[in-house]
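To start, the structure under review is shown below, and the notes come after it.
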Amino acid sequence: MASELDLSRDRLDAPFARRVEELSGENPYACYQCGKCSAGCPFADYMDALPNQVLRLVQLGDESALALSAPWVCASCLACAVRCPKGVDIAKTMEALRILALRKGISPAPAGIDRPYPQIALVGAYRKLTP
Amino acid sequence: MNEVTVFIMGKGYRVPAGLTIMKAMEYAGYRLTRGCGCRGGYCGACATVYRLKGDYRLYADLACQTPVQDGMYIAQLPFTPAERPPYALQDLAPEGQTLLALFPELARCVACNTCTKACPQKLEVMDAVQAALRGDIRQVAELTFDCVSCGLCTMRCPAEISHHHVWQLARRLNGAYLTPRAKHVQERVQEIAARKFAVELDAFMSMDRDVLVAAYKAREIEA
Amino acid sequence: MKRLAYFPGCAMKDQARPDEAGTLHALALLGYEIAEIPRWNCCGTVYSLAQDDLMRHVGPVRNLLRVQGMGEKRVLALCAMCYGTLARSARFVQEPERLARINAFLDTEEDFRGGIGVVHLLTLLRDEVGYEKLPSHVKQSLNGLKVATYYGCMLLRPREFAVDDPDRPEVMERVLEALGAVPVPFPERTECCGAYLTVGRKDIVEERVGRILRSARGGGADLVVTTCPLCQFNLTERRPPEAPPLPVLYLGQVLGWAFGADEPTIAALLVGQPTPGEPVSSGGAR
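Residue numbers (our numbering), protein chains in the order written: chain G, 1180 to 1310; chain L, 1365 to 1587; chain D, 62 to 347.
Right, here's the structure in full:
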């Protein structure tokens, strides 16, 4: 993440933030950065930015959010969604970031999937990790 | 002569009504070295897509089996690239995840049914994909028995599945492991090995070529 | 007999066959005529969380359309993931504009009219059968076997589709108590196992599974019970070597066994189990 942040109001309401909002159906500006999502996330240890930090980047309209590994480590368990005091379903924001990345050709999926896996695992992985 | 206008690869031609798409292309001057084969609807080489005026649908069919219609926009798909990983049938088991392990992209099916709509053989292609996904090999083999490997479903599939290779493996597994052995064939093979028909076979083996051909032509064929 | 449309999903026809077998055995005894929906397809396992990704809802909706075709108003799911995708897609397309777009795409099918309910085995047992009805069908008691009830994610989240209180669920505990088992304290019972990350990130899933199994063992469990075939796969196939090797069974397996079906794993677990002093009623450990 950047060491300096431009906190001017001009950065709010950025097109990127609006695009994420449109895709996720969740208002990123509802988040007041309490960090409860990150505290309860079972996968936070493996993320390069915590869920609340990912949402902060979206609030600031910072497209570098698309290059993070965090959305790909999120397993859509929705622990954050049921705990958010502002009712923001951050899992939906993570999904929007995955989809935007996939549509830009950014995908974390390994070229070859080591096999075999049960249907239920493969279907889920393909749906979340491939365009 | 009753004529219709068709557009082949975007260029308009007047062709006699009643021709198949394949005949119409040849009438228009195309010399088909790819994208045509048996001309009888069996080989699957002449996959073709077309649209009709005022209709949003993209139709798919075999050029040798489909009559032209006025205003048809036609393009041929002589070949569909499809992935088939190497396998040895004797090393595979007819189990639930065998197809999925070799063709994991089966798991990308979204049940859009585009494959079924594209099938010139009117197979329930999506049902076969779903059966393959859940490992019902026998069902896949039965649903795809009439597949001619034309590749039209594969070209239209948003999940990028290589259908005909999956079907072929399913039918091979079904034939090799799931279909009951034909007992009478095994018995007959043993009888031949035991030289039960030695006199008859030896007679054939020592026949002159002309006599053998005549005997072949005169053989009794079961109706 | 009460007719009930049933969506199996891929797992019930493959890795989770014992779940289906046990459940169907039990539901028949409870007076249900289970009608598997014709030509069902994969539910998609993970619900699309995007607003514009209508294609991902086609699979679930097509299944609901088959239920409509049967003249039924609701459908039963056993698998937690199937339950989640079907129930959520059913709600998603309730909005008329989305429904119209889906129907325009499904141009070879009759229009989906909506209004199909999705019910999970657990809510069926709680709300329709009733916990109190279960003991009278028990042919072989679970005899005080200590179970860790693993809910995972899809049964409890999001809140609108939860089969029970997402923070303090008790439905699985109550069902298992009625069958003679003793639920143990299990703090990790609602924590994610890592789900589909099992494909690309085994390391993460192994760490999750280790925590979950240690939590189950810490409560004194003899076995783990779940309704999710992906959880079952991860808890068994992604168990790190140092984590306790607890058997992980499907709810239907346990239910079926208690109702008299054959289930070798449970029979083996019960060998050498002390008979509890008195029958277990309710209020198991939390």
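Where is the CB? At the ideal position from N, CA and C, for every residue including glycine. Model, not experiment: these values are computed from the prediction.
Nearest-angstrom beta carbon gap, residue j and residue i [assumed within contact, 8 Å]
i          : j          : result
G/Pro-1297 : L/Gln-1461 : 7 Å
L/Cys-1476 : D/Val-119  : 5 Å
D/Leu-85   : D/Ile-95   : 6 Å
L/Ala-1505 : L/Ala-1534 : 5 Å
D/Tyr-212  : D/Pro-230  : 6 Å
Residues that residue i contacts on chain G, provided the C-beta gap is smaller than 8 Å
i         : result
D/Gly-313 : In chain order: nothing, as chain G lies at least about 16 Å away.
D/Arg-218 : Cys-1256, Leu-1257, Ala-1258, Ala-1260, Val-1261
D/Pro-290 : Pro-1297, Ile-1299
D/Ala-209 : Neighbours of D/Ala-209 on chain G: none; closest Cβ ~17 Å, over 8 Å.
Where residue i falls, given that 16 or more other Cβ within 10 Å makes a residue buried
i          : result
L/His-1548 : exposed
L/Ile-1585 : exposed
L/Pro-1484 : buried
L/Ile-1372 : buried
D/Cys-103  : buried
L/Val-1577 : exposed
D/Gln-76   : buried
D/Glu-193  : exposed
D/Pro-335  : Here the model assigns D/Pro-335 a pLDDT of 45, short of 50, so the residue's position is not dependable and the matter cannot be decided.
G/Leu-1308 : buried
D/Ser-342  : Summary for D/Ser-342: the model assigns pLDDT 39, below 50, so the residue's position carries little reliability; its value from the coordinates is reported in the next sentence. D/Ser-342 should be labelled exposed.
D/Gln-129  : buried
D/Ala-329  : exposed
D/Glu-303  : exposed
D/Thr-169  : exposed
L/Cys-1514 : buried
G/Cys-1311 : Limits of chain G in this structure are 1180 at one end and 1310 at the other, which puts residue 1311 of chain G out of reach.
D/Tyr-108  : buried
L/Thr-1397 : exposed
D/Thr-146  : buried
D/Pro-337  : With a pLDDT of only 43 at D/Pro-337, under 50, the local geometry of the prediction cannot be trusted, and no value is derived from it.
D/Met-62   : exposed
G/Pro-1230 : buried
Unbroken alpha helix (DSSP H) run spanning residue i, endpoints
i          : result
L/Val-1549 : 1547–1557
L/Met-1519 : 1516–1520
D/Pro-157  : 157–166
L/Asp-1566 : 1562–1569
D/Lys-263  : 263–279
D/Gly-130  : 119–130
D/Gly-178  : Where D/Gly-178 is concerned, there is no enclosing alpha helix (DSSP H), although the beta strand (DSSP E) it sits in stretches over 178–181.
D/Arg-152  : 141–153
Chain L residues whose Cβ lies nearer than 9 Å to that of residue i
i         : result
D/Thr-169 : Asn-1477, Thr-1480, Lys-1481
Residue i: contacting residues in chain L (beta-carbon distance under 7 Å)
i          : result
G/Pro-1295 : Gln-1461, Leu-1464, Ala-1465
7 Å Cβ cut-off: residues of chain D touching residue i
i          : result
L/Arg-1498 : Cys-71, Lys-74, Asp-75
G/Val-1302 : Cys-103, Gly-105, Thr-106
L/Gln-1494 : Asn-102, Cys-103
G/Phe-1222 : Ile-265
Boundaries (first-last residue) of the beta strand (DSSP E) holding residue i
i          : result
L/Thr-1369 : 1367–1372
D/Asp-63   : The question names Asp, but residue 63 of chain D is Lys in the sequence shown. First-last of the beta strand (DSSP E) with D/Lys-63: 63–68.
G/Ala-1244 : From DSSP, G/Ala-1244 is part of no beta strand (DSSP E); its letter is neither H nor E.
D/Glu-234  : Unbroken run through D/Glu-234 is the alpha helix (DSSP H), 232–239; no beta strand (DSSP E).
L/Tyr-1437 : 1436–1440
D/Glu-94   : 93–97
D/Ala-209  : 207–210
D/Val-136  : 135–138
L/Gly-1376 : 1375–1380
D/Leu-284  : 284–287
L/Ala-1411 : 1411–1415
D/Phe-309  : It should be pointed out that residue 309 of chain D corresponds to Val in this sequence rather than to Phe. Per DSSP, D/Val-309 belongs to the beta strand (DSSP E) from 309–311.
Neighbour list for residue i in chain A, Cβ cutoff strictly below 8 Å
i          : result
G/Val-1252 : Checking the listed chains, one finds no chain A in this structure; the protein chains it contains are G, L and D.
Closer than 8 Å at the beta carbon, the chain D residues around residue i
i          : result
L/Cys-1511 : Chain D residues near L/Cys-1511: none, gap ~18 Å exceeds 8 Å.
L/Val-1474 : Gly-105, Met-116, Arg-117, Val-119, Gly-120
Where residue i meets chain G, residues with beta-carbon distance less than 7 Å
i          : result
L/Pro-1380 : Simply none; closest approach about 46 Å.
Contact list for residue i against chain G, beta-carbon separation under 9 Å
i         : result
D/Pro-294 : A quick correction: the sequence has Phe, not Pro, at residue 294 of chain D. Those are Tyr-1296, Pro-1297, Ile-1299, Ala-1300, listed as they occur along chain G.
Chain-ordered chain D contacts of residue i [CB-CB under 9 Å]
i          : result
G/Leu-1308 : Tyr-257, Val-260, Gly-261
Listed from N- to C-terminal order along the chain, which residues in the stretch 1478–1492 of chain L have their beta-carbon within a distance smaller than 9 Å of any beta-carbon of chain D?
Within the stretch 1478–1492 of chain L, the qualifying residues are Thr-1480, Lys-1481, Glu-1488, Met-1490, Asp-1491.
Interfacial residues, the stretch 138–153 of chain D to chain L, with Cβ spacing under 8 Å:
Under the 8 Å Cβ criterion, the stretch 138–153 of chain D contributes no residue.
The stretch 113–130 of chain D: positions lying closer than 7 Å to chain L by Cβ
Met-116, Arg-117, Val-119, Gly-120, Arg-123
Checklist entry - Which residues, in order along the stretch 255–270 of chain D, keep a beta-carbon less than 7 Å from a beta-carbon of chain L? => result none
Counting only Cβ-Cβ distances shorter than 8 Å, please list the residues of the stretch 79–108 of chain D near chain L, keeping chain order.
Arg-100, Trp-101, Asn-102, Cys-103, Gly-105
*For the stretch 216–250 of chain D, enumerate the residues whose C-beta is nearer than 7 Å to any C-beta of chain G, in chain order.*
Arg-218, Pro-219, Arg-220, Pro-227
ask   = Along the stretch 1264–1284 of chain G, what residues have a CB closer than 9 Å to any CB found in chain L?
value = Answer in chain order: no residues at all.
* Mind listing which residues of the stretch 1406–1418 of chain L have their C-beta closer than 7 Å to chain D's C-betas, in chain order? -> none
Scan the stretch 1197–1226 of chain G for residues whose Cβ lies nearer than 7 Å to a Cβ of chain L and list them as they occur along the chain.
-> none
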